[in-house]
Amino acid sequence: MFDVLPTQITRLRGSGDAAACVDAAVGWGRVCAAAEAQRLSAIAEFAVTFLASVEEDMSLWAVDEDDDVVAQIGLAFGVSPRWAMGDLEIGAAMRDRFPELAALFLRGEITATIMSTVVERTILVTDPQALARIDADCVAAVTLAGWSGLSYYKLKNAVDVFVDRHDPGAVRRVRDKQRTRGVSVYDSDAAAGITTVAIRMTGPGAALLMVRLRRMAKTVCLNDPRTLDQRMSDAAEALAADSDRLRCLCGSLTCPAAADDGVGSRFVIHVYAETAALAAEPDPLIHGADTGNADSTPRHTPAPPAEEATADEPDDDPVDTPEFDSTIKTPASAVPPASAPVNPAAGIIPGFGIVPSALIAALLAKGATIHPLTPPPILPDDGYRIPAALRE
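In this text, residue positions in the sequence shown follow UniProt numbering: the first is 1, and each later residue adds one.
This is how it looks when you write it as structure tokens:
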């Protein structure tokens with residue numbers, strides 16, 4: 001198989017010859033692949049020999065012949081039955097299903113990863129003619145283009161193309177997975193005003209969506225503080241608002257991309273009882289990369305105790321703007337006393353969690369409408385239909 005082995009490391013160490021080191025690494029890689037192919041082929045041959053030599057009736061055994069073979073392989077190599085079964089499947093496929101590709105593997109021209117991926121992606125193919133054609137196509141592709149540099153994702157896609165060409169019904173899980181398309185919403189981070197939206201869609205549709213989001217994310221100027229991921233997330237919001245561009249947050253009045261993207265103007269903030277959140281300022285630290293130095297605690301200042309007040313101090317202490325808040329829906333009885341920390345109440349979007357005050361401020365800056373709610377009357381209404389004010 002190999003007339004001359006690659007140079008050993010003892011001769012390379014300290015030689016200063018980088019090219020010789022690379023040649024040795026490539027050569028030993030081929031030797032390693034060929035040795036692995038020999039090992040897997042020997043496992044498959046052992047299974048065939050063992051099963052052919054069994055003459056005893058195994059109908060009353062606790063395990064069948066296959067389990068016995070797997071157990072012995074696992075014992076010999078010190079691996080689990082599942083690992084041993086995987087080795088046996090690859091070796092058997094090399095012997096019976098893909099002899100041409102196995103020949104390349106035995107010469108060390110392909111890696112064990114390529115061989116195992118081909119076996120995995122073709123496990124549902126049972127037609128001998130289809131297997132022969134897939135074997136020939138894989139050998140041609142490896143010989144002409146080479147698969148060693150492909151990632152697992154690209155490698156399995158390459159094999160699936162051949163499977164779909166010669167035995168379409170054997171492409172694994174295609175129909176079942178296609179039927180799982182849908183949209184799911186998770187509010188695990190709702191307390192921070194973040195909602196996760198998971199979309200299961202076709203590959204072409206996902207490609208179109210990513211191209212569109214990247215294009216919209218690049219419509220802002222270079223001074224926008226957001227990262228690319230943050231801009232793509234905001235672009236999805238703008239896309240939902242029927243916009244084809246993203247509003248720039250650089251703060252410049254002359255920026256050509258500072259026009260409204262339709263996100264904020266789509267919202268109406270209903271205010272009930274408390275209006276403190278309307279005075280909040282947008283938090284600049286929610287944009288850009290996480291430096292790890294930002295203060296994560298809410299920015300509010302408690303009122304000082306009465307005994308600490310002096311004649312030189314004003315009665316009303318300045319209060320820092322809170323950092324987190326969202327929708328504004330707090331009853332009048334819940335207004336904090338003067339000694340409590342001043343932190344405006346968050347808003348709520350039913351089904352999507354709270355909206356922190358920083359996001360409320362951002363929506364207001366983008367043109368959201370404020371709609372004060374009128375408290376309902378104390379006495380019950382006698383009308384047949386619920387009044388609009390009470391319904392809101």
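Every residue, glycine too, gets a C-beta built ideally from N, C-alpha and C.
Note that the structure is predicted; figures quoted are calculated from it, not measured.
Grab the span of the beta strand (DSSP E) containing residue i for me, first residue to last.
i: Gly182; result: Gly182 to Tyr186
Residues bridged to residue i by DSSP?
i: Thr196; result: Tyr186
Closest to residue i by C-alpha separation, out of the options, would be which residue?
i: Asp160; options: Thr196, Gly149, Val119 and Arg181; result: Val119
i: Val211; options: Asp244, Thr227 and Arg181; result: Asp244
i: Val69; options: Ala217, Leu208 and Ala44; result: Ala44
i: Gly91; options: Ser41, Ala132, Ala368 and Tyr186; result: Ser41
i: Asp87; options: Ile73, Ala207, Pro99 and Asp96; result: Ile73
i: Ala362; options: Ile386, Pro375 and Val263; result: Val263
i: Ala163; options: Val142, Gly146, Tyr153 and Asp137; result: Correcting the residue identity first, residue 163 is Val in this sequence and not Ala. For Val163, the nearest C-alpha among the options comes from Asp137.
i: Phe77; options: Ile134, Leu209, Arg39 and Ala93; result: Arg39
i: Thr10; options: Asn157, Asp96 and Ala24; result: Ala24
i: Glu36; options: Met232, Leu249, Ala240 and Ile114; result: Ile114
i: Pro6; options: Ala19, Ala18 and Val26; result: Val26
i: Val139; options: Ile194, Thr117 and Glu100; result: Glu100
i: Phe46; options: Asp382, Ala20 and Glu89; result: Glu89
i: residue 399; options: Ser116, Ser265 and Ala145; result: Within the shown structure, residues of the chain are numbered from 1 to 392, placing residue 399 beyond reach of any answer.
i: Gly205; options: Tyr186, Ala192, Pro225 and Gln178; result: Gln178
i: Arg95; options: Ala132, Ser151, Pro168 and Arg165; result: Ala132
i: Gly251; options: Ala236, Arg226 and Ala103; result: Arg226
i: Ser151; options: Ala71, Ser53, Thr117 and Thr122; result: Thr117
i: Asp229; options: Pro168, Thr49 and Ala289; result: Ala289
i: Cys248; options: Asp242, His287 and Ala240; result: His287
For the alpha helix (DSSP H) that contains residue i, what are its first and last residues?
i: Thr10; result: Ile9 to Leu12
i: Thr49; result: Ala18 to Ser53
i: Thr117; result: Ala112 to Arg121
i: His371; result: Premise fails: His371 lies in the beta strand (DSSP E), Thr369 to Pro372, not in any alpha helix (DSSP H).
i: Ile386; result: Premise fails: Ile386 is in no alpha helix (DSSP H) and is neither H nor E.
i: Arg212; result: Gly203 to Ala217
i: Asp66; result: Glu65 to Phe77
i: Glu109; result: Where Glu109 is concerned, there is no enclosing alpha helix (DSSP H), given that its DSSP letter is neither H nor E.
Under the three-state reduction of DSSP, which class applies to residue i: helix, strand or coil?
i: His287; result: coil
i: Ser15; result: coil
i: Met232; result: helix
i: Asp167; result: coil
i: Trp83; result: helix
i: Gly264; result: helix
i: Asp160; result: helix
i: Thr143; result: helix
i: Leu239; result: helix
i: Gly91; result: helix
i: Pro225; result: coil
i: Asp315; result: With a pLDDT of only 44 at Asp315, under the threshold of 50, the placement of this residue in the model should not be trusted; the figure read from the coordinates follows. Coil.
i: Leu5; result: coil
i: Asp96; result: helix
i: Arg137; result: The sequence shown places Asp at residue 137, rather than the Arg named in the question. In this structure, Asp137 counts as helix in the three-state DSSP scheme.
i: Pro128; result: helix
i: Asp244; result: coil
i: Leu101; result: helix
i: Ala365; result: helix
i: Leu150; result: coil
i: Leu155; result: helix
i: Pro375; result: coil
i: Glu307; result: Because the pLDDT of Glu307 is 42, which lies under 50, any placement of that residue in the model is unreliable, and the question is left without a value.
i: His300; result: Only weak support exists for where His300 lies, its pLDDT of 44 falling under 50; the value from the coordinates is given anyway. Note: His300 maps to coil in three-state DSSP.
i: Pro341; result: At Pro341, the pLDDT of 43 sits below 50, so the modelled position is not reliable; the number obtained from the coordinates is stated separately. Pro341: coil per DSSP, three-state reduction.
i: Cys250; result: coil
i: Val220; result: coil
Is the region 99–112 close to the region 30–38, with three or more CB pairs under 8 Å? Touching, per the Cβ criterion.
Count Cβ pairs between the region 199–209 and the region 178–185 that sit closer than 8 Å; are there 3 or more? yes
Under 8 Å: do the region 248–265 and the region 208–222 share three or more Cβ pairs, one atom per stretch? yes
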